[in-house]
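Note that the first sequence covers residues 101 to 523 in our numbering.
Every residue, glycine too, gets a C-beta built ideally from N, C-alpha and C.
Owing to the predicted nature of the structure, the values given are computational and were not obtained by experimental measurement.
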Amino acid sequence: MLQVSYIRDNRDEVLNRLSVKNFKHPELVDNIIKLDDDRRQTQTQLDSIAAEANASAKKIGDLMRQGLKDEAESIKSQSNTNKEQSKILSDKLSAIEILLQNELVLLPNLPHISVPKGKTPEENVVALEHGKIPKLMQNALPHWELATKYDIIDFELGNKIAGAGFPVYKGKGAKLQRALINFFLDRAGEAGYREMQPPIVVNEASGFGTGQLPDKEGQMYHIGIDNLYLIPTAEVPVTNLYRDVILKEDELPIKNCAYTPCFRREAGSYGAHVRGLNRLHQFDKVEIVQVVHPSHSYQVLEDMSAYVQSLLQALELPYRVLSLCGGDMGFTSAKTYDMEVWCAAQARWLEVSSVSNFETYQSNRLKLRFKSKEGKSQFAHTLNGSALALPRIVASLLENNQTETGIKIPAALIPYTGFEWIN
RNA sequence: GGAGAGAUGCCUGAGUGGCCGAAAGGAACAGUUUGCUAAACUGUCGUACUGGCAACGGUACCGAGGGUUCGAAUCCCUCUCUCUCCGCCA
101 MLQVSYIRDN
111 RDEVLNRLSV
121 KNFKHPELVD
131 NIIKLDDDRR
141 QTQTQLDSIA
151 AEANASAKKI
161 GDLMRQGLKD
171 EAESIKSQSN
181 TNKEQSKILS
191 DKLSAIEILL
201 QNELVLLPNL
211 PHISVPKGKT
221 PEENVVALEH
231 GKIPKLMQNA
241 LPHWELATKY
251 DIIDFELGNK
261 IAGAGFPVYK
271 GKGAKLQRAL
281 INFFLDRAGE
291 AGYREMQPPI
301 VVNEASGFGT
311 GQLPDKEGQM
321 YHIGIDNLYL
331 IPTAEVPVTN
341 LYRDVILKED
351 ELPIKNCAYT
361 PCFRREAGSY
371 GAHVRGLNRL
381 HQFDKVEIVQ
391 VVHPSHSYQV
401 LEDMSAYVQS
411 LLQALELPYR
421 VLSLCGGDMG
431 FTSAKTYDME
441 VWCAAQARWL
451 EVSSVSNFET
461 YQSNRLKLRF
471 KSKEGKSQFA
481 HTLNGSALAL
491 PRIVASLLEN
501 NQTETGIKIP
511 AALIPYTGFE
521 WIN
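Structure below.
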């Protein structure tokens, strides 16, 4: 959520940057400023009436104590009219505040100056490519056929017990999952991230804090009876650990990581592009989250990007890094890099990680602040990234590493799997 | 699921209608001092909104929301959460 004071002071800049994000309702900005004017005016009126009422209540108290009942009574009637007025004003104030809040949450985060213009994924900028595109043998198979061939992932079985998009991993398939999770967690630990194990359901306040609610309501599984949401990413619980928190400056940066299953309804997604592991309702992911001082959040974004790349390099997967254009970036992000891995049999790039700087957009919602040495509190910057999401990593490992005799496990992973081949 | 107790500032904890934005202690921070990895003393020490160039003011907040009252941390109602005991259970 953007800060109203920032919008007021930088109206033109806000409009400019929203246009980079291809935002469709720039009129909201002036609306918000006008509502805030209203809010301030009403607030001031209310405050002065309340001040009057407080003063006369105090006076009544004094008079009563001195036993001057009649004089006290005469002031009471004045207090009554104050009361009516302040009731009207405070109703008006809360109505305005609700309107203001409702409009404020409709504004996406402002893109960083370095974010390329553009509306569609095609306009994302390829920041770099790494690794060699493998040449596959003649009869190479897509991962969903390999999964069946080696009996390591069973989509039908998952379909039976839960539904489409909930695969069952079997044997070496299941072990590969566990190996990847441990590999990613160990690496994150070495990179200074503290491992956390959060709940995989969250309440409404948490959903709001990181920006999933109110606008992405339909993408999360909702447990109506308890009003809880299955997390779409560990970002939600791990970032919300710091909701309503005022940190000390020297506690920054905070670096956390967590493995969780992630749940996404992905309503409305069908077709060949979502076959196999490409898009699931439940998948596993290790997430890294940082809370940092605003002065170096962009350096940290680069660090996180480099870290994610180091994982892909260790797994010997060819990848590219995209700097997302304004139109393709998430609602809450100020700058995002996507890492895509080459899936050789499908001959396409698949997103396996997304690393973003949210600047103060989340921390304003979360009320996540830090207190500087001078005693002033200000919003911290939050960042997060997938490090990494498993299914598409598995897809590309299977497809890229397939041979006549089986699927070769990359060297870095063998200590974790305990086997070198899936065959 | 049943019964009971409770929710106050960074923490502990007092406060049952006006003198309470809130005692006291602790923690933290700053300073003074003592010749020593510590003590003593003094001071500072919640958040947000708002007025003002500023100095300095105003308002709101004692789990959340509503009510009673001239006046609520304190009384009433609703909700949420926590704890204890019992039941169930990995």
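The way I'd put it, the segment 374 to 393 does touch the segment 473 to 487; three or more beta-carbon pairs between them come closer than 8 Å. Nearest neighbour of residue 141 by Cα position, chosen from 436, 386, 189 and 111, turns out to be 189. Rounded to whole angstroms, the gap between the alpha carbons of residue 379 and residue 305 is 27 Å. For residue 485, the enclosing beta strand (DSSP E) covers residues 481 to 489. Note that the segment 450 to 465 touches the segment 423 to 436; at least 3 beta-carbon pairs, one per stretch, sit closer than 8 Å. Counting only the Cα atoms, residue 410 lies some 15 Å from residue 400. Sorting 126, 265, 186 and 402 by C-alpha distance to the C-alpha of residue 214 places 402 at the top. If you ignore the 5 residues before and after residue 169, its C-beta comes within less than 7 Å of no other C-beta in its own chain.
Looking at the DSSP output, residue 322 bridges to 329.
Here residue 396 carries a helix assignment [DSSP, helix/strand/coil]. When only Cα atoms are considered, residue 490 and residue 383 end up about 7 Å apart. Counting along the chain, the unbroken alpha helix (DSSP H) around residue 152 starts and ends at 127 to 166. DSSP places residue 438 inside the beta strand (DSSP E), whose first and last residues are 435 to 443. Counting the other Cβ atoms within 10 Å of the Cβ of residue 418 gives 16 or more, which makes it buried.
When the beta-carbon positions are compared, residue 280 and residue 295 stay at least 8 Å from each other.
Judged by beta-carbon spacing, residue 300 lies beyond the 8 Å limit of residue 273, meaning their Cβ atoms are not closer than that value. In the structure shown, residue 509 falls within a coil segment according to DSSP collapsed to helix, strand and coil.
Taking 8 Å as the cut-off, the beta carbon of residue 422 is found closer than this to the beta carbon of residue 225. Residue 248 sits in a helix when the DSSP states are folded into three classes. The C-alpha of residue 229 lies about 4 Å from the C-alpha of residue 420. The segment 463 to 479 makes no contact with the segment 438 to 447; the number of CB pairs closer than 8 Å stays below 3.
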